[in-house]
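Each remark here refers to the structure printed beneath this line.
2 protein chains.
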Amino acid sequence: MKILIVGAAGDVGQTIVTELSGRHKIITAGRNGGDVRVDISDRASIDAMYQAIGQVDAVVSATGSVHFAPLAEFTEAQFMLGLGHKVMGQINLVLAGMAHVSDGGSFTLTSGVLDRDPIRMGAGAATANAALGGFVTGAAIEMPRGQRLNVVSPGLLEASQQRYGAWFPGHMPVSSKRVGLAYAKSVEGALTGKVIIVE
Amino acid sequence: MKILIVGAAGDVGQTIVTELSGRHKIITAGRNGGDVRVDISDRASIDAMYQAIGQVDAVVSATGSVHFAPLAEFTEAQFMLGLGHKVMGQINLVLAGMAHVSDGGSFTLTSGVLDRDPIRMGAGAATANAALGGFVTGAAIEMPRGQRLNVVSPGLLEASQQRYGAWFPGHMPVSSKRVGLAYAKSVEGALTGKVIIVE
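Protein chains in written order, with our numbering: chain A, 1 to 199; chain B, 1001 to 1199.
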């Protein structure tokens, strides 16, 4: 398969590249690097990316920003960062990409653990993660030409533990191998409309 | 209890008023009517509403707009209507209201069935509904002074069946009584951080 991986340079993105690159042709995309540049907050940038790469068999997204803050200090603009960037940016990868993915191809988005196992300062992330699960459930039944749509919801990655672990008391980090396998399940398997939990 | 009901004139809002008005003092709020006017898309309007009514023991929201369209025709602006209005508007009722709700008081928001039982044209609603579930899960653990936070997720209401039923093939409508009871469970009970499903 020819697979586009958006956010390939991040902790999650690297696990996806490692898992899939031995068996597939990978095209990496990112804001600051990769085979092609893309800013997922800008629909025109997403359209330009798809025009540049031609048809692919799968799109995998491991990108999107959210704000972390104590609930009492959260502003509307900080909440809307998660809804506008992590949620709408990934939804736009699907809306813009349906015409560029082959029949029976797939989209795999990335959410995270905080909507099922919350932490302090994580209300914005919990909202965004859950929204992506709802999108996948709602949109999968309307995908064209047999295209599939899932979202992977990984726990705190072992690779991210040193930077973020103190914010996640009691969370068991998940191995890069398990995270990579979840994306393989979505891309190479037959599931659609699923939140694929890694924990 | 003194209970603020935002969106009291809608199909869901009326079930809440019917269920709670016999036992509590109700203040109704809406865009075009009620004891106090409020536009939930405008944080300043929400702040003004709370200033006008003084302290309450519970806030119940049954309001928020989403767009319905075939997935292939959905635009970014149409998705952002649900995220900006139904999601952010209800979140702002909580963020702005925490200082105006009594110790141990509660917030009860409203989502809907489409993130667990999707229909055609419902991807925007599914995304917004799920986002509200994630917000409640994430934010409940940080609510101040024993305040609680839940969201009621009702199926298609019997009262709405004539207008919207054709869009919901195979959905069993839920009675106004069951819907009202779900809000009573949230307001008068002790739950927090829950998606209270009515089906």
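Where is the CB? At the ideal position from N, CA and C, for every residue including glycine.
All values reported here derive from a predicted model rather than from experimental measurement.
Is it right to say residue i is buried, meaning 16 or more other beta carbons lie within 10 angstroms of its own, or is it exposed?
{"i": "B:G1146", "result": "exposed"}
{"i": "B:M1080", "result": "buried"}
{"i": "B:P1169", "result": "exposed"}
{"i": "A:T18", "result": "exposed"}
{"i": "A:A99", "result": "exposed"}
{"i": "A:Q90", "result": "buried"}
{"i": "B:P1144", "result": "exposed"}
{"i": "A:Q14", "result": "buried"}
{"i": "A:T75", "result": "exposed"}
{"i": "B:A1077", "result": "exposed"}
{"i": "A:A44", "result": "exposed"}
{"i": "B:G1022", "result": "exposed"}
{"i": "B:G1033", "result": "exposed"}
{"i": "A:K86", "result": "buried"}
{"i": "B:M1088", "result": "buried"}
{"i": "B:K1194", "result": "buried"}
{"i": "A:D103", "result": "exposed"}
{"i": "B:A1128", "result": "buried"}
{"i": "A:G189", "result": "exposed"}
{"i": "B:A1008", "result": "buried"}
{"i": "B:R1163", "result": "exposed"}
{"i": "A:G54", "result": "exposed"}
Against residue i, what residues of chain A qualify as contacts under a CB-to-CB distance less than 8 Å, listed in chain order?
{"i": "B:M1049", "result": "Simply none; closest approach about 16 Å."}
At 7 Å on the CB atoms, spell out the chain B contacts of residue i, in chain order.
{"i": "A:G133", "result": "A1130"}
{"i": "A:R43", "result": "E1076"}
Between residue i and chain A, is there a C-beta pair that is closer than 8 Å?
{"i": "B:T1110", "result": "no"}
{"i": "B:L1095", "result": "yes"}
{"i": "B:L1020", "result": "no"}
{"i": "B:M1080", "result": "yes"}
{"i": "B:I1091", "result": "yes"}
Give the C-beta separation of residue i and residue j to the nearest angstrom, bearing in mind that I take them to be a contact with Cβ-Cβ under 8 Å.
{"i": "A:L71", "j": "B:A1139", "result": "5 Å"}
{"i": "A:T63", "j": "A:Y183", "result": "The Cβ separation is near 13 Å, so there is no contact."}
{"i": "B:A1029", "j": "B:M1049", "result": "6 Å"}
{"i": "B:A1096", "j": "B:D1047", "result": "5 Å"}
{"i": "B:S1175", "j": "B:E1158", "result": "5 Å"}
{"i": "A:L11", "j": "A:S160", "result": "Correcting the residue identity first, residue 11 of chain A is Asp in this sequence and not Leu. About 5 Å; that satisfies the 8 Å criterion."}
{"i": "B:V1151", "j": "B:G1133", "result": "6 Å"}
{"i": "B:F1068", "j": "B:A1125", "result": "7 Å"}
{"i": "B:V1113", "j": "B:P1173", "result": "Not confirmed; about 11 Å, so no contact."}
{"i": "B:V1066", "j": "B:L1004", "result": "The pair is not a contact, with the Cβ atoms about 23 Å apart (cut-off 8 Å)."}
{"i": "A:V94", "j": "A:I40", "result": "Contact doesn't hold; Cβ gap of about 11 Å is too wide."}
Determine the chain B residues that contact residue i at a beta-carbon separation under 9 Å, and present them in chain order.
{"i": "A:R116", "result": "G1134 and T1137"}
{"i": "A:L71", "result": "V1094, L1095, M1098, G1138, A1139, I1141, E1142, M1143 and P1144"}
So with CB distances below 8 Å, who are the chain B contacts of residue i?
{"i": "A:V87", "result": "L1083, T1127 and A1131"}
{"i": "A:E199", "result": "What A:E199 touches in chain B: nothing, since even the nearest Cβ is about 15 Å away."}
Is residue i close to chain B? Criterion is C-beta to C-beta, closer than 8 Å.
{"i": "A:I40", "result": "no"}
{"i": "A:P144", "result": "yes"}
{"i": "A:G122", "result": "yes"}
Establish whether the CB of residue i and some CB of chain D are separated by less than 8 Å.
{"i": "B:A1062", "result": "Of the protein chains in the structure, A and B, none is chain D."}
Relative to the ligand SAH, is the shortest distance from any of its heavy atoms to the C-beta of residue i smaller than 7 Å?
{"i": "B:A1077", "result": "Summarising the ligand content, the structure contains no ligands, and the ligand SAH is consequently not present."}
ask   = Which parts of the stretch 1045-1075 of chain B are runs of the alpha helix (DSSP H), unbroken and 4 residues or longer, counting only runs that do not cross its ends?
value = none
request  = Entirely within the stretch 1064-1131 of chain B and at least 4 residues each: give me those alpha helix (DSSP H) ranges in chain order.
outcome  = 1076-1081 and 1088-1097
query = Hey, which unbroken runs of the alpha helix (DSSP H) at 4 residues or more fall wholly within the stretch 1129-1192 of chain B?
reply = 1161-1164 and 1176-1188
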